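Enquirer:
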Amino acid sequence: MTSVLALRPRSALALFLASVVGLVGFGWPFLTGATSTLAGHSADSPYLFLLLLPLVVGVVLAELSEGGMDAKAVAMLGVLAAAGTALRALSPGTGGLEPTLFLVVVAGRVFGAGFGYALGTTVILASSLVTAGVGPWMPFQMVGLAWVGLLAGLLPVVTGRAERVLLAVYAGVAGFGYGALLNLSFWPFSRSLPEAMAYVPGDSTAANLRHYAAFYVTTSFGWDCVRALVNAVLVLVAGRVVLATLRRAARRAAFAATTSFDAPTTSRGAPRLREPSPEEDAGDPERHGGAGPQVTGRPDTTSWTSP
């Protein structure tokens with residue numbers, strides 16, 4: 001695995017803060033007490049969006065300032081984000097068909113956890129702007145897909161067929177987890193649900209977890225099955241080629257290489273200028289006030305010889 005965006009101190013801190021904000025945004029329905037009200041949290045998503053974007057941008061800026069992410073890494077991030085945006089525009093999760101997860105999983109595996117996190121957030125942001133999908137659900141999608149790429153880069157190191165099987169299993173689990181997280185962007189605010197599936201402010205954590213489990217199985221479990229199956233199959237079928245292509249690009253780009261400049265030296269095989277002889281110098285008009293050549297012989301006054 002090539003760590004294109006290494007988790008250096010500043011970027012790790014920004015990533016940690018962004019993840020904490022995401023955890024609060026996802027988990028607040030299960031952490032509220034008896035005095036909590038639904039209306040008090042109805043505007044959480046816009047504030048989460050305002051907090052999350054600077055933190056995500058801070059991950060990239062921290063790497064740029066510390067020298068951990070060069071222009072080649074930024075270019076690779078842009079290319080893969082454009083590919084993910086195109087995939088999401090062609091198949092925006094309809095019926096559970098969401099191959100964007102496949103791209104984020106393999107990219108996070110090849111280029112590292114930090115790159116996977118940045119790619120997940122960038123894909124959602126760019127595709128939402130392209131498809132007019134900006135809304136209170138977008139920060140949840142950004143955090144969810146970013147975590148998919150982050151965890152893909154933290155998987156154990158295996159090679160060959162075992163790696164593809166591991167990634168296929170992970171892609172399937174991520175398909176269910178991603179869908180379960182996104183439901184939390186609207187589940188607490190759905191007022192027409194039966195009491196057994198609705199969020200109850202002030203109820204215990206265990207009770208709301210049971211309500212959410214019933215809601216998830218009833219509403220989105222079927223869609224998430226399709227998402228998990230599609231991405232797992234994509235890893236098994238196309239994973240070998242895509243992984244090899246990305247790793248070849250990483251080797252040619254030499255992300256981990258350091259640039260150094262040596263002092264210029266004269267090659268042994270380079271020609272060397274020889275000082276003209278007195279006879280040749282006497283025929284140089286520049287040295288005699290513009291007078292004509294004083295010696296008639298060889299027309300050249302400067303010659304090149306090999307050492």
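Quick note: the sequence shown uses the UniProt record's numbering, first residue 1, plus one each step. By construction, the Cβ of each residue, glycine as well, lies at the ideal position given by its N, Cα and C atoms. All values derive from a computational prediction rather than experimental measurement.
Taking only the alpha-carbon atoms, compute the straight-line gap between R88 and F189 and give it to the nearest angstrom.
Expert: Cα-Cα distance, rounded: 26 Å.
Enquirer: I'd like to know whether the C-beta atoms of V104 and G120 end up nearer to each other than 8 Å.
Expert: yes
Enquirer: In whole angstroms, what separates the C-alpha of M76 from that of L246?
Expert: Straight-line Cα distance between these residues: approximately 10 Å.
Enquirer: With a 10 Å radius around its C-beta and 16 neighbouring C-beta atoms as the bar for buried, classify residue 309 as buried or exposed.
Expert: Here the chain comprises residues numbered 1 to 307, so residue 309 is not present and cannot be evaluated.
Enquirer: Count the C-beta pairs between the segment 140 to 154 and the segment 110 to 128 that are closer than 8 Å, then say yes if the count reaches three, no if not.
Expert: yes
Enquirer: Only counting the same chain, and skipping five residues up and downstream in sequence, which positions put a Cβ closer than 7 Å to that of F30?
Expert: T205, N208 and L209
Enquirer: Thinking just about the alpha-carbon of each residue, which of W137, L181 and G84 is nearest to the one in F102?
Expert: That would be G84, whose Cα lies nearest to the Cα of F102.
Enquirer: Under three-state DSSP, which class holds Y199?
Expert: coil
Enquirer: Whose C-alpha, out of G78, L184 and G179, is nearest the C-alpha of H211?
Expert: L184
Enquirer: Take W147 as the anchor and find which of P136, V130, V237 and T122 has the nearest alpha-carbon.
Expert: T122
Enquirer: For the segment 76 to 164, which segments carrying the alpha helix (DSSP H) assignment without a break, of at least 4 residues, lie completely within its bounds, in sequence order?
Expert: 100 to 111, 113 to 130 and 138 to 152
Enquirer: Taking buried to mean at least 16 other C-beta atoms within 10 Å of its own C-beta, is P194 buried or exposed?
Expert: exposed
Enquirer: Could you work out which residue in V158, S220 and V157 is closest to F186 when comparing CA atoms only?
Expert: S220
Enquirer: Check for me: the alpha helix (DSSP H) holding D224 runs from which residue to which?
Expert: F221 to A253
Enquirer: Nearest by alpha-carbon distance to G179: which of S127, R10, L97 and M197 is it?
Expert: L97
Enquirer: Going by CA-CA distance only, name the one from L55, L23, R240 and V217 that's closest to L167.
Expert: R240
Enquirer: If you count every other CB in all the chains shown that lies within 10 Å of the CB of G108, and 16 or more means buried, which is it?
Expert: buried
Enquirer: Output the distance between the C-alpha atoms of G222 and G175, rounded to the nearest integer angstrom.
Expert: 11 Å
Enquirer: How long is the line joining the alpha carbons of F140 and L181, rounded to whole angstroms?
Expert: Roughly 8 Å between the two C-alpha positions.
Enquirer: Figure out for me which residue from G160, S19, L23 and R191 has the closest Cα to the Cα of L243.
Expert: Comparing alpha-carbon positions, the option among G160, S19, L23 and R191 lying closest to L243 turns out to be G160.
Enquirer: Give me the Cα-Cα distance between R8 and V200, rounded to the nearest whole angstrom.
Expert: 41 Å
Enquirer: Tell me whether G292 sits in a helix, a strand or coil according to DSSP, three-state version.
Expert: Caution is warranted here: a pLDDT of 48 is assigned to G292, below 50, making its placement in the model unreliable, and the coordinate value is therefore given only provisionally. If DSSP states are grouped into helix, strand and coil, G292 belongs with coil.
Enquirer: Give a yes or no on whether the C-beta atoms belonging to M142 and L236 are separated by under 8 Å.
Expert: no
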